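Reading through the C-alpha coordinates given below for one structure.
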Amino acid sequence: MAETGESGDAGTDKTPEQTMKELVDELYNFRDGYFETHPVEEAGKKQSDVAREMEQTLKKLEENEERFKHKAEFLLLKGRCLNVSPDFSAAAEESLSRAVKLEPGLVEAWNVLGEQYWKRGDLVGARSCFTGALQQKKNKVSLRNLSMVLRQLPAGSSEAHGKQVLESVDMARQAVQLDVTDGTSWHILGNAYVSLFFTCGQNPQFSQQALSAYAKSVSTGHSE
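Heads up: the sequence shown at position 161 corresponds to 161 in the numbering used here, and the numbers run straight through without jumps.
So this is what it looks like as C-alpha coordinates:
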(Lines of atoms letter the chains of each structure in order from A; the text may use other names.)
(Lines give C-alpha, C1' and ligand atoms only; values in the text may rest on other atoms or scores of the structure.)
Protein backbone atom coordinates (compact mmCIF):
# COMPACT_ATOMS: atom_id res chain seq x y z
CA MET A 1 0.00 0.00 0.00
CA ALA A 2 1.40 3.36 -0.98
CA GLU A 3 2.22 5.64 1.91
CA THR A 4 0.78 9.12 2.15
CA GLY A 5 2.85 11.90 3.62
CA GLU A 6 1.52 14.10 6.39
CA SER A 7 1.26 17.08 4.08
CA GLY A 8 -0.24 15.13 1.16
CA ASP A 9 1.03 15.21 -2.39
CA ALA A 10 3.17 18.06 -3.65
CA GLY A 11 1.17 21.07 -4.70
CA THR A 12 -1.89 20.20 -2.65
CA ASP A 13 -3.15 21.52 0.65
CA LYS A 14 -4.88 18.60 2.32
CA THR A 15 -6.15 18.62 5.86
CA PRO A 16 -4.98 15.85 8.23
CA GLU A 17 -8.50 14.42 8.04
CA GLN A 18 -8.35 14.21 4.23
CA THR A 19 -4.89 12.65 4.27
CA MET A 20 -5.87 10.02 6.83
CA LYS A 21 -9.15 9.28 5.04
CA GLU A 22 -7.19 8.57 1.86
CA LEU A 23 -4.95 6.25 3.85
CA VAL A 24 -7.95 4.25 5.10
CA ASP A 25 -9.43 4.23 1.59
CA GLU A 26 -6.13 2.76 0.33
CA LEU A 27 -6.43 0.01 2.95
CA TYR A 28 -9.83 -0.99 1.53
CA ASN A 29 -8.48 -0.78 -2.02
CA PHE A 30 -5.67 -3.12 -0.99
CA ARG A 31 -8.17 -5.62 0.41
CA ASP A 32 -10.69 -5.42 -2.43
CA GLY A 33 -8.08 -5.41 -5.18
CA TYR A 34 -5.81 -8.00 -3.58
CA PHE A 35 -5.87 -10.41 -6.51
CA GLU A 36 -5.09 -7.63 -8.96
CA THR A 37 -1.61 -7.48 -7.42
CA HIS A 38 -1.24 -11.02 -6.05
CA PRO A 39 -1.57 -14.43 -7.74
CA VAL A 40 -4.47 -16.70 -6.80
CA GLU A 41 -1.93 -19.07 -5.25
CA GLU A 42 -1.45 -16.51 -2.47
CA ALA A 43 -5.12 -16.55 -1.47
CA GLY A 44 -4.19 -18.09 1.87
CA LYS A 45 -2.05 -15.06 2.69
CA LYS A 46 -4.72 -12.45 2.00
CA GLN A 47 -6.14 -12.23 5.51
CA SER A 48 -2.73 -11.91 7.17
CA ASP A 49 -1.55 -9.39 4.56
CA VAL A 50 -4.67 -7.27 5.06
CA ALA A 51 -4.25 -7.51 8.85
CA ARG A 52 -0.67 -6.25 8.53
CA GLU A 53 -1.76 -3.33 6.37
CA MET A 54 -4.52 -2.58 8.87
CA GLU A 55 -2.04 -2.41 11.75
CA GLN A 56 0.23 -0.07 9.79
CA THR A 57 -2.69 2.18 8.89
CA LEU A 58 -3.99 2.18 12.46
CA LYS A 59 -0.55 3.17 13.75
CA LYS A 60 -0.40 6.15 11.38
CA LEU A 61 -3.92 7.17 12.35
CA GLU A 62 -3.11 7.12 16.06
CA GLU A 63 0.13 9.05 15.47
CA ASN A 64 -1.96 11.83 13.89
CA GLU A 65 -4.87 11.78 16.34
CA GLU A 66 -4.02 15.16 17.88
CA ARG A 67 -4.12 16.83 14.46
CA PHE A 68 -7.83 16.09 13.98
CA LYS A 69 -10.09 19.08 14.61
CA HIS A 70 -13.06 16.82 15.31
CA LYS A 71 -12.67 13.79 17.56
CA ALA A 72 -15.64 12.07 15.90
CA GLU A 73 -13.85 12.08 12.52
CA PHE A 74 -10.84 10.34 14.04
CA LEU A 75 -13.05 7.76 15.75
CA LEU A 76 -14.88 7.10 12.47
CA LEU A 77 -11.64 6.49 10.57
CA LYS A 78 -10.32 4.26 13.36
CA GLY A 79 -13.55 2.26 13.28
CA ARG A 80 -13.41 1.99 9.48
CA CYS A 81 -9.80 0.83 9.66
CA LEU A 82 -10.64 -1.95 12.14
CA ASN A 83 -13.77 -2.86 10.17
CA VAL A 84 -11.66 -3.97 7.19
CA SER A 85 -11.39 -7.35 8.93
CA PRO A 86 -14.18 -9.89 8.29
CA ASP A 87 -14.43 -10.51 12.03
CA PHE A 88 -16.15 -8.50 14.76
CA SER A 89 -13.93 -5.97 16.53
CA ALA A 90 -14.84 -4.71 19.99
CA ALA A 91 -12.43 -1.80 19.49
CA ALA A 92 -14.19 -0.84 16.26
CA GLU A 93 -17.60 -0.99 17.94
CA GLU A 94 -16.35 1.21 20.78
CA SER A 95 -14.83 3.81 18.44
CA LEU A 96 -17.90 3.99 16.21
CA SER A 97 -20.32 4.14 19.15
CA ARG A 98 -18.36 7.10 20.52
CA ALA A 99 -18.33 8.73 17.08
CA VAL A 100 -22.12 8.69 16.68
CA LYS A 101 -22.61 9.94 20.24
CA LEU A 102 -20.29 12.88 19.58
CA GLU A 103 -21.73 13.59 16.14
CA PRO A 104 -25.07 11.86 15.40
CA GLY A 105 -25.07 13.19 11.84
CA LEU A 106 -22.11 11.02 10.81
CA VAL A 107 -24.00 8.69 8.47
CA GLU A 108 -20.93 6.63 7.60
CA ALA A 109 -20.25 5.95 11.28
CA TRP A 110 -23.80 4.62 11.71
CA ASN A 111 -23.35 2.38 8.67
CA VAL A 112 -20.00 0.94 9.77
CA LEU A 113 -21.30 0.46 13.32
CA GLY A 114 -24.21 -1.47 11.84
CA GLU A 115 -21.74 -3.72 10.02
CA GLN A 116 -20.00 -4.41 13.33
CA TYR A 117 -23.27 -5.40 15.02
CA TRP A 118 -23.98 -7.61 12.00
CA LYS A 119 -20.60 -9.33 12.33
CA ARG A 120 -21.37 -9.92 16.01
CA GLY A 121 -24.66 -11.57 15.05
CA ASP A 122 -26.83 -8.78 16.47
CA LEU A 123 -29.21 -8.28 13.55
CA VAL A 124 -31.62 -6.12 15.55
CA GLY A 125 -28.78 -3.80 16.54
CA ALA A 126 -27.58 -3.67 12.94
CA ARG A 127 -31.06 -2.76 11.73
CA SER A 128 -31.25 0.03 14.32
CA CYS A 129 -27.94 1.47 13.11
CA PHE A 130 -28.92 1.44 9.43
CA THR A 131 -32.29 2.96 10.31
CA GLY A 132 -30.49 5.58 12.38
CA ALA A 133 -28.31 6.46 9.41
CA LEU A 134 -31.37 6.86 7.19
CA GLN A 135 -32.92 9.20 9.75
CA GLN A 136 -29.91 11.45 9.21
CA LYS A 137 -29.77 11.14 5.42
CA LYS A 138 -31.23 8.84 2.79
CA ASN A 139 -28.31 6.91 1.31
CA LYS A 140 -27.81 3.78 -0.76
CA VAL A 141 -25.43 2.01 1.66
CA SER A 142 -27.92 2.06 4.54
CA LEU A 143 -30.77 1.02 2.24
CA ARG A 144 -28.78 -1.91 0.79
CA ASN A 145 -27.65 -3.13 4.19
CA LEU A 146 -31.15 -2.80 5.61
CA SER A 147 -32.46 -4.82 2.66
CA MET A 148 -30.06 -7.66 3.48
CA VAL A 149 -30.64 -7.56 7.24
CA LEU A 150 -34.42 -7.65 6.83
CA ARG A 151 -34.14 -10.92 4.89
CA GLN A 152 -32.03 -12.47 7.66
CA LEU A 153 -34.03 -11.30 10.67
CA PRO A 154 -36.03 -14.05 12.40
CA ALA A 155 -39.79 -13.66 12.07
CA GLY A 156 -42.57 -14.92 14.31
CA SER A 157 -44.61 -16.29 11.42
CA SER A 158 -44.49 -16.89 7.69
CA GLU A 159 -46.70 -13.83 7.22
CA ALA A 160 -44.29 -11.66 9.20
CA HIS A 161 -41.37 -13.04 7.20
CA GLY A 162 -43.19 -12.24 3.97
CA LYS A 163 -43.66 -8.63 5.09
CA GLN A 164 -39.96 -8.38 5.90
CA VAL A 165 -39.02 -9.67 2.45
CA LEU A 166 -41.39 -7.18 0.80
CA GLU A 167 -39.80 -4.39 2.83
CA SER A 168 -36.39 -5.74 1.82
CA VAL A 169 -37.32 -5.40 -1.85
CA ASP A 170 -38.54 -1.86 -1.24
CA MET A 171 -35.26 -0.87 0.47
CA ALA A 172 -33.23 -2.32 -2.41
CA ARG A 173 -35.40 -0.52 -4.97
CA GLN A 174 -34.83 2.77 -3.19
CA ALA A 175 -31.07 2.15 -3.19
CA VAL A 176 -31.14 1.61 -6.96
CA GLN A 177 -33.22 4.75 -7.47
CA LEU A 178 -30.56 6.80 -5.69
CA ASP A 179 -27.86 5.59 -8.09
CA VAL A 180 -28.87 3.51 -11.10
CA THR A 181 -25.20 3.06 -12.08
CA ASP A 182 -24.27 1.16 -8.90
CA GLY A 183 -23.94 -2.54 -9.71
CA THR A 184 -23.89 -3.59 -6.06
CA SER A 185 -27.35 -2.08 -5.51
CA TRP A 186 -28.71 -3.92 -8.56
CA HIS A 187 -27.19 -7.19 -7.30
CA ILE A 188 -28.81 -6.80 -3.89
CA LEU A 189 -32.14 -5.98 -5.55
CA GLY A 190 -31.79 -9.21 -7.54
CA ASN A 191 -31.20 -11.16 -4.33
CA ALA A 192 -34.26 -9.53 -2.77
CA TYR A 193 -36.43 -10.60 -5.71
CA VAL A 194 -35.12 -14.17 -5.41
CA SER A 195 -36.18 -14.19 -1.75
CA LEU A 196 -39.55 -12.78 -2.75
CA PHE A 197 -39.93 -15.52 -5.37
CA PHE A 198 -39.44 -18.30 -2.82
CA THR A 199 -41.39 -16.56 -0.04
CA CYS A 200 -44.47 -15.40 -1.93
CA GLY A 201 -45.70 -18.26 -4.10
CA GLN A 202 -42.94 -18.56 -6.72
CA ASN A 203 -44.49 -16.00 -9.03
CA PRO A 204 -42.56 -16.10 -12.36
CA GLN A 205 -42.68 -12.30 -12.47
CA PHE A 206 -40.39 -12.14 -9.43
CA SER A 207 -37.83 -14.48 -10.98
CA GLN A 208 -37.84 -12.39 -14.15
CA GLN A 209 -37.33 -9.22 -12.12
CA ALA A 210 -34.42 -10.91 -10.34
CA LEU A 211 -32.79 -11.84 -13.66
CA SER A 212 -33.26 -8.30 -14.96
CA ALA A 213 -31.65 -6.85 -11.84
CA TYR A 214 -28.69 -9.26 -12.11
CA ALA A 215 -28.25 -8.28 -15.77
CA LYS A 216 -28.17 -4.61 -14.76
CA SER A 217 -25.67 -5.49 -12.05
CA VAL A 218 -23.29 -7.07 -14.55
CA SER A 219 -23.70 -4.27 -17.09
CA THR A 220 -22.82 -1.67 -14.45
CA GLY A 221 -19.64 -3.44 -13.42
CA HIS A 222 -20.56 -5.62 -10.43
CA SER A 223 -18.18 -8.60 -10.44
CA GLU A 224 -19.69 -11.02 -7.91
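Where a beta carbon is used, it is the ideal one built from N, C-alpha and C, also for glycine. Predicted model only: the values in this text are computed from it and were never measured.
>> Let's test the definition: count the other Cβ atoms within 10 Å of the Cβ of H187 and tell me whether it reaches 16, buried, or not, exposed.
In response: Buried is the call here.
> So, V100 versus A126, is the Cβ gap smaller than 9 Å?
Replying inline: For V100 and A126, no; Cβs fall outside 9 Å.
>> With H, G and I counted as helix, E and B as strand and the rest as coil, what does DSSP make of F88?
In response: Three-state DSSP puts F88 in coil, outside helix and strand.
> So what's P204 in DSSP terms, helix, strand or just coil?
Replying inline: Of the three classes helix, strand and coil, the one that applies to P204 here is helix, per DSSP.
> Could you give the distance in angstroms between the alpha-carbon of G33 and the alpha-carbon of F198?
Replying inline: Looking at the two C-alpha atoms, the distance is approximately 34 Å.
> Cα separation between P104 and M54?
Replying inline: So the two alpha carbons sit approximately 26 Å from each other.
> If you draw a straight line from the C-alpha of A109 to the C-alpha of S89, how long is it?
Replying inline: About 14 Å.
> Under 9 Å, do S185 and R120 count as touching if we go by C-beta distance?
Replying inline: A distance of 9 Å or more separates the beta carbons of S185 and R120.
>> If you measure between the beta carbons of R151 and A210, is that distance less than 9 Å?
In response: Cβ atoms of R151 and A210: not closer than 9 Å.
> Going straight from the alpha carbon of Y28 to that of T57, what length do you get?
Replying inline: Y28 and T57: Cα-Cα distance of roughly 11 Å.
> Are three or more beta carbon pairs between the stretch 41-53 and the stretch 67-82 nearer than 8 Å?
Replying inline: The stretch 41-53, when compared against the stretch 67-82, does not touch it at the 8 Å Cβ threshold.
>> For G79 and L96, which I take to be in contact (beta-carbon distance under 8 Å), what is that distance rounded to the nearest angstrom?
In response: About 4 Å separates the beta carbon of G79 from that of L96, a gap short enough to meet the 8 Å contact definition.
> Hey, L23 and K60 are a contact pair by Cβ (cut 8 Å); roughly how many whole angstroms apart?
Replying inline: Here L23 really is in contact with K60; their C-beta atoms are around 6 Å apart, less than 8 Å.
>> Taking a contact to mean a Cβ-Cβ separation below 9 Å, would you say L189 touches A213 in this structure?
In response: In this structure, L189 sits near A213, with a CB-CB distance shorter than 9 Å.
>> Using a 10 Å radius around the Cβ and a threshold of 16 neighbouring Cβ atoms, would you call N111 buried or exposed?
In response: Buried.
> So, is A160 buried or exposed, given that buried needs 16 or more other C-beta atoms within 10 angstroms?
Replying inline: Counting Cβ neighbours within 10 Å, A160 comes out exposed, since fewer than 16 surround it.
> Starting from E17 and walking both ways along the alpha helix (DSSP H), at which residues does that stretch end?
Replying inline: For E17, the uninterrupted alpha helix (DSSP H) run begins and ends at 16-32, by DSSP.
> Looking at C200 and G162, is the spacing between their C-beta atoms short of 9 Å?
Replying inline: Against a cut-off of 9 Å, the Cβ pair of C200 and G162 comes out as a contact.
> Is the beta carbon of T131 less than 9 Å from the beta carbon of V180?
Replying inline: No, they are not a contact pair.
>> Assuming L153 and Q135 are in contact, meaning their beta carbons sit under 8 Å apart, how far apart are those beta carbons, in whole angstroms?
In response: Incorrect: roughly 19 Å between the Cβ atoms, too far for contact.
>> Taking only three categories from DSSP, how would you classify A160?
In response: In the three-state DSSP reduction, A160 falls in the helix class (H, G or I).
> Which value, in whole angstroms, describes the spacing of the CA atoms of D182 and Q174?
Replying inline: In a straight line, the C-alpha of D182 is about 12 Å away from that of Q174.
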